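Enquirer:
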Amino acid sequence: MIIVKRLILITFCLAAFYELSTLGFTAENAITMFNSHLDAFYQETNGKAWFKESTDGGKVSFWMRAEQLEMVLDAFERTTNSQYLSIFTNLFLGFIADHGRTWEKNEYNDDIMWMVIACTRAYLLSKNSEFLDVGRTNFDLCYARAFSKDLGGGLWWKTDNKSKNACVNGPAVIAAYLLGTATGQKKYYDIATNLFLWERATLFDTNTGKVFDHIKINGSLAAFALTYNQGTFIGAANYLGFTNEAHLAAIFTMEKLSPSGFFPKSGERGDGGGFNGIAARWIAKFVYERSLQKEFEPWLQKNADAAWKARRSTDNLCWCRWPDPTPEGTRYSWGCSSAVVLMLVVNPSE
2 MIIVKRLILI TFCLAAFYEL STLGFTAENA ITMFNSHLDA FYQETNGKAW
52 FKESTDGGKV SFWMRAEQLE MVLDAFERTT NSQYLSIFTN LFLGFIADHG
102 RTWEKNEYND DIMWMVIACT RAYLLSKNSE FLDVGRTNFD LCYARAFSKD
152 LGGGLWWKTD NKSKNACVNG PAVIAAYLLG TATGQKKYYD IATNLFLWER
202 ATLFDTNTGK VFDHIKINGS LAAFALTYNQ GTFIGAANYL GFTNEAHLAA
252 IFTMEKLSPS GFFPKSGERG DGGGFNGIAA RWIAKFVYER SLQKEFEPWL
302 QKNADAAWKA RRSTDNLCWC RWPDPTPEGT RYSWGCSSAV VLMLVVNPSE
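Our numbering applies: residue 2 is where the sequence shown begins, and numbers increase by one.
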């Protein structure tokens with residue numbers, strides 16, 4: 002009888018564990034992850050805010066900061082909680098305090114375009130004209146210095162004009178399209194279309210959906226693919242109605258860049274820590290706007306479920322290497338942002 006009772010107890014415990022381990026994430030879980038990120042990394046003084054580089058302190062760099070501002074907008078779009086727009090405003094003011102209202106001193110054109118996207122998205126959500134003014138001014142100065150007819154068009158990655166990269170051209174298409182929406186000015190839609198057509202012709206494999214990283218001034222192509230470049234290409238194509246190209250690029254990301262169905266693992270401290278969040282944002286937008294849930298949502302939800310389960314219990318932070326459990330010790334705001342964005346932009350599985 003004792004043996005039977007023990008077997009029943011073991012069976013019950015295993016069943017309970019199995020049920021817990023197979024549960025997906027909820028909308029509440031997504032907000033828990035976002036608020037936990039704020040608790041760990043958000044800092045504010047006199048209405049000016051920033052994200053710490055890590056749980057140990059510091060300030061995150063220009064473009065990583067811009068993208069984490071986008072994360073705050075993702076949270077607002079998920080919840081319509083006006084508190085999150087207030088947080089964005091504080092982060093915007095902190096950014097301006099540290100980097101100024103114009104960013105011509107930054108040699109990276111892609112850095113500027115990321116922040117233009119954040120500013121213009123914020124304007125479209127809040128109608129705060131200051132966001133639009135800063136976004137438009139910096140887009141215009143960046144486009145003026147970055148565009149050339151070399152290599153058939155497109156934007157230079159840096160001010161040294163040595164390569165034209167997907168990481169600046171994809172975001173620039175999105176930024177220009179959003180500015181067109183915000184201002185009603187046709188010139189921005191024209192810029193978006195022309196840059197996209199150049200990227201499609203130069204950095205996109207129309208047979209596979211692969212987005213090449215960059216082309217050098219001598220015409221040599223760097224043919225490796227990264228998830229964030231796939232994501233911004235998909236976002237750009239979706240905005241402009243090039244749905245076949247967006248679909249092909251999404252398939253490539255899912256089938257070729259996601260080992261075992263999970264987004265590729267990256268280091269937390271380098272640029273790659275937030276790549277998968279950017280990819281998820283634009284892929285999810287495409288999937289839901291084009292009613293492609295049946296094809297792509299199981300993959301996206303598999304990743305979001307894995308990120309939720311990989312969080313650490315002490316503070317609900319999840320690094321960028323799910324499904325591996327998040328270790329104790331120092332964690333990085335940028336490396337932890339991908340999981341947050343993923344859970345905010347993908348529909349809950351529970």
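Note that the Cβ used here is the ideal one computed from N, Cα and C, for glycine as well. Owing to the predicted nature of the structure, the values given are computational and were not obtained by experimental measurement.
How about Ala173 and Met114: do their beta carbons lie closer than 8 Å?
Expert: Contact: yes.
Enquirer: What are the partner residues of Asn166, as DSSP defines its beta bridges?
Expert: Partner(s): His215.
Enquirer: In the structure shown, what three-state DSSP assignment does Gly58 receive?
Expert: Gly58: strand per DSSP, three-state reduction.
Enquirer: Pick from Phe26, Ala176 and Leu204: whose alpha carbon is nearest that of Asp191?
Expert: Checking every option, the nearest Cα to that of Asp191 belongs to Ala176.
Enquirer: Expressed to the nearest angstrom, what Euclidean distance is found between the alpha-carbon atoms of Ser22 and Gly262?
Expert: With a pLDDT of only 46 at Ser22, under the threshold of 50, the placement of this residue in the model should not be trusted; the figure read from the coordinates follows. Roughly 18 Å separates the two Cα atoms.
Enquirer: Does DSSP put Glu351 in a helix, in a strand, or in coil?
Expert: Residue state, collapsed to three classes: coil.
Enquirer: Taking only the alpha-carbon atoms, compute the straight-line gap between Asn162 and Ile218 and give it to the nearest angstrom.
Expert: In a straight line, the C-alpha of Asn162 is about 8 Å away from that of Ile218.
Enquirer: What are the uninterrupted segments assigned as alpha helix (DSSP H) that are 4 or more residues long and contained completely in the stretch 189-273, given in chain order?
Expert: Runs of the alpha helix (DSSP H) inside the stretch 189-273: 228-241 and 244-257.
Enquirer: From Leu249 to Thr46, what distance separates their C-alpha atoms?
Expert: Rounded to the nearest angstrom, the two C-alpha atoms are 46 Å apart.
Enquirer: Measure the alpha-carbon distance for Val346 versus Trp157 and round it to whole angstroms.
Expert: When rounded, the distance between both Cα atoms is 30 Å.
Enquirer: Which of the three DSSP states is assigned to Phe26 in this structure?
Expert: Looking at Phe26 - three-state DSSP - the assignment turns out to be coil, as it is neither helix nor strand.
Enquirer: Assign Glu29 to one of two classes, buried (16 or more other C-beta atoms within 10 Å of its C-beta) or exposed (fewer than that).
Expert: It counts as exposed.
Enquirer: Would you decide whether Lys303 is buried or exposed? Buried here means 16 or more other CB atoms lie within 10 Å of its CB.
Expert: By the neighbour-count rule (16 or more Cβ atoms within 10 Å), Lys303 is buried.
Enquirer: Under the three-state reduction of DSSP, which class applies to Trp309: helix, strand or coil?
Expert: Helix, per DSSP.
Enquirer: On the CB-based measure, 16 or more other CB atoms within 10 Å of its CB, does Thr331 come out buried or exposed?
Expert: Label assigned to Thr331: exposed.
Enquirer: Out of Ala285, Thr81 and Val73, state which residue places its alpha-carbon closest to the alpha-carbon of Phe89.
Expert: Checking every option, the nearest Cα to that of Phe89 belongs to Val73.
Enquirer: Use the C-beta contact count for Asn170: other C-beta atoms within 10 angstroms, 16 or more gives buried, fewer gives exposed.
Expert: Buried.
Enquirer: Considering only DSSP beta bridges, list what Ala50 is partnered with.
Expert: Ala50 is bridged to Glu45.
Enquirer: Which two residues bound the contiguous alpha helix (DSSP H) that contains Asn277?
Expert: Phe276 to Glu290 is the extent of the alpha helix (DSSP H) around Asn277.
Enquirer: Does the Cβ-Cβ distance between Gly242 and Leu196 come in under 8 Å?
Expert: No.
Enquirer: Judging by CA-CA distance, which residue of Ile216, Phe225, Pro299 and Asn317 is the nearest neighbour of Thr209?
Expert: Ranking the options by Cα distance to Thr209, first place goes to Phe225.
Enquirer: Using the rule of at least 16 other Cβ atoms within 10 Å of the residue's Cβ for burial, across every protein chain shown, is Ala67 buried or exposed?
Expert: With 16 or more Cβ atoms within 10 Å of its Cβ, Ala67 is classed as buried.
Enquirer: Taking a contact to mean a Cβ-Cβ separation below 8 Å, would you say Phe234 touches Phe264 in this structure?
Expert: Contact flag unset, no.
Enquirer: Please go through the stretch 91-153 and give each complete beta strand (DSSP E) segment of 3 or more residues, from N-terminal end onward.
Expert: Those beta strand (DSSP E) runs which fall completely within the stretch 91-153 and span 3+ residues do not exist here.
Enquirer: Specify the secondary structure class of Leu318 as computed by DSSP and reduced to three states.
Expert: Coil at Leu318, not helix or strand.
Enquirer: Between which two residues does the alpha helix (DSSP H) holding Asp75 run?
Expert: Residues Phe63 to Thr80.
Enquirer: Leaving aside the five residues before and after Asp306 along the sequence, list all residues of the same chain whose C-beta is less than 6 Å from its C-beta, in chain order.
Expert: Here the set comprises Gly25, Phe26 and Ser350.
Enquirer: Once DSSP output is grouped into helix, strand and coil, what is the label at Leu156?
Expert: DSSP places Leu156 in strand when its eight states are reduced to three.
Enquirer: Taking its Cβ as the centre, do 16 or more other Cβ atoms sit within 10 Å of Lys211, making it buried, or is it exposed?
Expert: Buried, because 16 or more other Cβ atoms sit within 10 Å of the Cβ of Lys211.
Enquirer: Which residue wins for smallest C-alpha separation from Phe287, given the options Gly273, Asn239 and Trp323?
Expert: Looking at the Cα atoms, Asn239 is the closest of the given residues.
Enquirer: Would you mind stating whether Lys266 and Arg322 have Cβ atoms separated by less than 8 Å?
Expert: Yes, these two residues count as a Cβ contact at 8 Å.
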